[in-house]
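*Asks:* After the structure tokens below, expect a handful of questions from me.
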């Protein structure tokens, strides 16, 4: 049963998710940026982003090192980012922060190593049965990978508080991602997912991409 669920997830969800997220993230990352992908997994999304944005360079870190990675990846302890202050232009978290009970600590580490920007793809606990739906999605997507599942899903207010505490402000947010084909999007899409680009300073978004 577990093997069947994993195969269905890989066939129906994973490949589409990689392409959709790569399209969205590559549009939001300013050209020429040096990027740290925290919790990058095997780096497949990062590789797709760089194919769409050749001027962007992405380095990855993760708690678990995969046997085969598509980008350079360094192991870290899940708490302290192993780079000096201001190493990168942008730090990226793709479905990572809900896997920790201390997302604020990681965001402050991101603020330390990022000169300018933060890019987050994560979940929003919004609407009827949102928590239950997200738990099911999280388990199906990760139960074979050894990923920690604390199911720490936040509300919009909680996300805003974390951004402010880390010294960031939202520049652009997308909350209709189209990650799933119909009819699965009706149950698992909704407004349960978002991508947001945040800045440390009063950046003009058009200028930052030029």
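Residue numbers (the working numbering): 22 to 231. Note that beta-carbon positions come from the ideal geometry of N, C-alpha and C, so glycine has one too. Because the structure is a prediction, the values reported are computed rather than measured.
Do residue 62 and residue 83 come within 8 Å of each other at the CB atom, strictly closer than that value?
*Replies:* Yes, the pair counts as a contact, with Cβ atoms nearer than the cut-off.
*Asks:* Are residue 91 and residue 73 closer than 8 Å when you measure CB to CB?
*Replies:* No, they are not a contact pair.
*Asks:* Can you tell me which of the three DSSP states residue 89 falls into?
*Replies:* Looking at residue 89 - three-state DSSP - the assignment turns out to be coil, as it is neither helix nor strand.
*Asks:* In terms of residue numbering, what span does the alpha helix (DSSP H) encompassing residue 158 cover?
*Replies:* It spans 151 to 163 - the alpha helix (DSSP H) in which residue 158 sits, taken as one unbroken run.
*Asks:* Classify residue 142: buried if its beta carbon has 16 or more other beta carbons within 10 angstroms, exposed otherwise.
*Replies:* Result: buried.
*Asks:* What number of angstroms, rounded off, separates the C-alpha of residue 87 from the C-alpha of residue 195?
*Replies:* Their Cα atoms are separated by approximately 30 Å.
*Asks:* To the nearest angstrom, how far is it from the Cα of residue 77 to the Cα of residue 132?
*Replies:* Taking the straight line from one Cα to the other gives about 19 Å.
*Asks:* Can you check whether the CB of residue 109 is closer than 8 Å to the CB of residue 57?
*Replies:* In this structure, residue 109 lies closer than 8 Å to residue 57 by Cβ.
*Asks:* Which residues mark the beginning and the end of the beta strand (DSSP E) in which residue 135 is found?
*Replies:* Start and end: 135 to 144.
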